[in-house]
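Residue numbers (the numbering used here), protein chains in the order written: chain A, 1 to 297; chain B, 1001 to 1292.
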Amino acid sequence: MVKHKPQPFDIINTILQLLLACVFIYPFIYIISISISDTFAVGLGLVKFLPIGFQLDAYRIVLRDTTIWSGYANSILYTVTGTALSLLLCSLPAYVLATSEFRFKKSFTAVFVITMFFNGGIIPTFLVVRNLGLLDSIWAIIIPPALSAWNIILFRTNFKSIPISLIESAKMDGASHVWIFTKLTVPLSKAIFAVIGLFIFVAAWNSYFPALLYLTSQDKQPLMIVLRKYIVMQNMRGIMERSIGTGKGLGDNYDYEGLLRSIRMTTVVVSVLPVLMVYPFMQKFLAKGILVGSIKG
Amino acid sequence: MKQNYQLYLMILPTTILFIVFLYLPMAGLVIAVRHYDIVGGFFGDAWVGGKYFMQFFRDPYFFRIIRNTALLNIFMLLITFPAPIILALLLNEMQQKKLKSLVQSISYLPHFISTVIIVGLMMDLFSSRGIINQALNGVGIQTILFFQEPGWFRPLYIGSSLWEGVGWSAIIYFAALAAINPELYEYASIEGAGRLAKIRYVTIPGILPTIVILFILAVGNIMTVGFEKVFLMYSPGTYETADVISTYTYRRGILGLDYSYATAVGFFNSVVNFGLLIGANALARKAGHGLW
């Protein structure tokens, strides 16, 4: 393209975009600043952008809190197993639907695709899960979200692009479908597995509704449910009694209100961290993700 | 061909799970017209016809939740639908490639943050001593209790959704913009078209099909509100504007154990949605851009 001289529009546009970038990034800096700033500064509402003073008491309290840790452990368990299960349950049928010799392709495709338009809704789904005796079990959290017709279609579209000659020659050599799937299809489709896997991972890490609906035991709650209690319902009683009530490790030099806010923002930092850590990797795959998204059905 | 059993082995587990977790609940919708008792089995124990639907239409909250659901979505559509298009167009016009990709990658970061955290963050920023109120006080406006005022629910909901989703939603438009044939721009230059003319006669027509498809899908969802965020944001004090069909269903069904009634409400919602989707598609088809 021809480079033309910057016009007033370009200057305004650039400024606008920079402002926009600030709006997107500001809350992230703000939460980090609150989490490490001096509690008096936080309590007085002086911290607006960069940290003022420094303390790590909030981190000490949060990292000592067992509910956060068990929430973390549960979230990791649900997210990792859920992602693996979903990739398996979506890629296997996709392989079958992509092979030329399967006879009931149309009927099975219909079974999956119909669910993209109709569903039973919250209550009937809840009743099915309850009647199966899955209440308060990990399966209630990981199976229903793992069933995605959309992901099956994405996998199928991708598997179809594998050169047919490769598969044909493997078959000539007497390879079984399971062999072709594990030794040809999966290695050749690493990118799509990564893209879909990352999306499922992030969605699972961030979700709280299935846990709210199906889990009753306190010790099975994922991180987002714990965070909901602390930062949305602002019910800090547990964490405060455990840590500050005993006063262990804390001097008298803190502002109660300020410390509460620092703790809340620390829990946010701690929970956003895993997502921020996979974010650069996601960046790499996002370009592919766009392509995946634009190839419909 | 003797290995075909392997194909069945690969497709059947998922199919069975689909039937159990997605089709069984659809069959379970029948409890909307049956009397359901905890001891009476999954499909209820007696036919009651349209009793629960009639009960819903006479429900004192019927009008309120329909209105809230519709208004929240219409405002959402009006604001969050054009925003990513504008963002994509503006970014597309940017000359500095580095800055462009920087803004782009920052803009979809919020999409990966959980709703719980976004709402928690908003509650901090908009609290009585939060940064927004400090700024308002600074210019002489009195403290506003944002989360307790019904009037502020929609702006907060929509504003945060915009922050969270605009960059992500713009991605699909970037893809559409990248697919426009560059020769078209060259022709336009030869014809003496300025920048605005190029946007108007090349860029916008190029992404129009994408816009229409996404618009139909958005209209089809007009009566669906993401339950998760409303549930986190609302409180009895803001039910007046915040209570929507899905949250009402949850309270009546899961908390109130009124399963049949809540199912009827949810079913009514799905039917309305489906009707809207069909209607939107029919309109788009008349314009030559139907989804099917």
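Ideal placement from N, C-alpha and C gives every residue a C-beta, glycine not left out.
All values reported here derive from a predicted model rather than from experimental measurement.
Residues sharing a beta bridge with residue i, DSSP
i       : result
B:R1034 : B:W1047
When the options are compared against residue i, the one with the closest alpha-carbon
i       : options                            : result
B:T1014 : A:W69, A:L85, A:V226, A:I68        : A:L85
B:I1086 : A:L198, A:L16, A:L227, A:T157      : A:L16
B:M1122 : A:M265, A:F281, A:M282, A:A41      : A:M265
A:P145  : A:T67, A:L89, A:L19                : A:L89
B:I1019 : A:F112, A:R60, A:I12               : A:F112
B:R1067 : B:A1242, B:G1275, B:V1265          : B:A1242
A:Y30   : A:Y279, A:A191, A:L223, A:R261     : A:R261
A:V202  : A:S107, A:T83, A:I36, A:Y59        : A:T83
A:I11   : B:Y1036, B:I1074, B:E1093          : B:E1093
A:L127  : B:L1024, B:I1216, B:I1180          : B:L1024
B:L1071 : B:Y1157, B:Y1187, B:Y1108          : B:Y1157
A:R228  : B:V1166, B:N1073, B:T1115          : B:T1115
B:F1062 : B:S1246, B:G1256, B:K1286          : B:S1246
B:L1012 : A:K48, A:T125, A:S91, A:L46        : A:S91
A:P124  : B:R1034, B:N1137, B:W1168, B:Q1096 : B:R1034
A:I36   : A:P280, A:V270, A:P274, A:V278     : A:V270
A:E101  : B:A1280, B:L1196, B:R1251, B:Y1008 : B:Y1008
B:R1285 : B:F1153, B:Y1005, B:P1209          : B:P1209
B:K1097 : A:R130, A:T14, A:K171, A:N74       : A:T14
A:V268  : B:G1206, B:I1132, B:I1117          : B:I1117
A:W69   : A:E257, A:V226, A:V275             : A:V226
Residue i, buried or exposed, once every other Cβ within 10 Å from all chains shown has been counted against 16
i       : result
B:Y1234 : buried
A:V232  : buried
B:G1151 : exposed
A:L63   : exposed
B:Q1104 : buried
A:M282  : buried
A:L147  : buried
B:E1164 : buried
A:G297  : For A:G297, the predicted structure reports a pLDDT of 32, less than 50, and the residue's modelled location is therefore unreliable. A value from the coordinates is still provided. Exposed: under 16 other Cβ atoms inside 10 Å.
B:D1306 : Outside the modelled stretch of chain B, which goes from 1001 to 1292, sits residue 1306 of chain B, for which no answer is possible.
B:P1082 : exposed
B:D1258 : buried
A:V2    : Model confidence at A:V2 stands at a pLDDT of 49, short of 50, so the residue's coordinates are unreliable and nothing is read from them.
B:G1192 : exposed
A:I295  : Legend: pLDDT at A:I295 = 43, less than 50; position of this residue unreliable, value from coordinates given subsequently. It counts as exposed.
B:M1223 : buried
A:Q221  : buried
A:N253  : exposed
A:P93   : buried
A:G120  : buried
A:M277  : exposed
B:R1252 : buried
A:N131  : exposed
Partner residues on chain B for residue i, Cβ-Cβ distance less than 9 Å
i      : result
A:Y256 : Per Cβ cutoff of 9 Å: no residues; A:Y256 is ~14 Å from chain B at best.
A:Y95  : L1007, M1010, I1011
Partner residues on chain B for residue i, Cβ-Cβ distance less than 7 Å
i      : result
A:N13  : L1090, E1093, M1094
A:F298 : For chain A, the structure presents residues 1 to 297; residue 298 of chain A sits outside this window and is missing.
A:F118 : M1026
A:F112 : F1018
Whole-angstrom C-beta distance between residue j and residue i, which should lie under 8 Å
i       : j       : result
B:L1276 : B:V1212 : Actually they are not in contact, since the Cβ atoms of B:L1276 and B:V1212 sit about 15 Å apart, beyond 8 Å.
B:L1102 : A:A21   : 7 Å
A:A211  : A:I141  : 6 Å
B:P1084 : B:V1139 : That pair is no contact at about 31 Å.
B:L1089 : B:I1199 : 7 Å
B:W1168 : B:H1111 : 4 Å
B:Y1052 : B:A1264 : 4 Å
Residue i CB to nearest heavy atom of the ligand SAH below 7 Å
i       : result
B:Y1005 : The ligand content of the structure shown is nil, which means the ligand SAH is not present either.
Contact set between residue i and chain A, taken where Cβ atoms lie within less than 9 Å
i       : result
B:P1155 : Within chain A, no residue comes near B:P1155; the closest Cβ sits about 16 Å away, beyond 9 Å.
B:N1205 : Correcting the residue type first, residue 1205 of chain B is Pro in the shown sequence and not Asn. What B:P1205 touches in chain A: nothing, since even the nearest Cβ is about 18 Å away.
Residue i: contacting residues in chain A (beta-carbon distance under 8 Å)
i       : result
B:T1263 : G121, I123, P124
B:R1129 : G45
B:V1020 : V128, L132
B:Q1134 : G45, K48
B:T1238 : Those within 8 Å of B:T1238 in chain A number zero; the least Cβ separation is about 14 Å.
B:Y1259 : I123, L127
B:M1123 : I231, V232, Q234
Chain B residues whose Cβ lies nearer than 8 Å to that of residue i
i      : result
A:I192 : Those within 8 Å of A:I192 in chain B number zero; the least Cβ separation is about 16 Å.
A:D10  : E1093, M1094, Q1095
A:F108 : I1011, T1015
A:S271 : S1114, I1117
Partner residues on chain A for residue i, Cβ-Cβ distance less than 7 Å
i       : result
B:P1110 : F24
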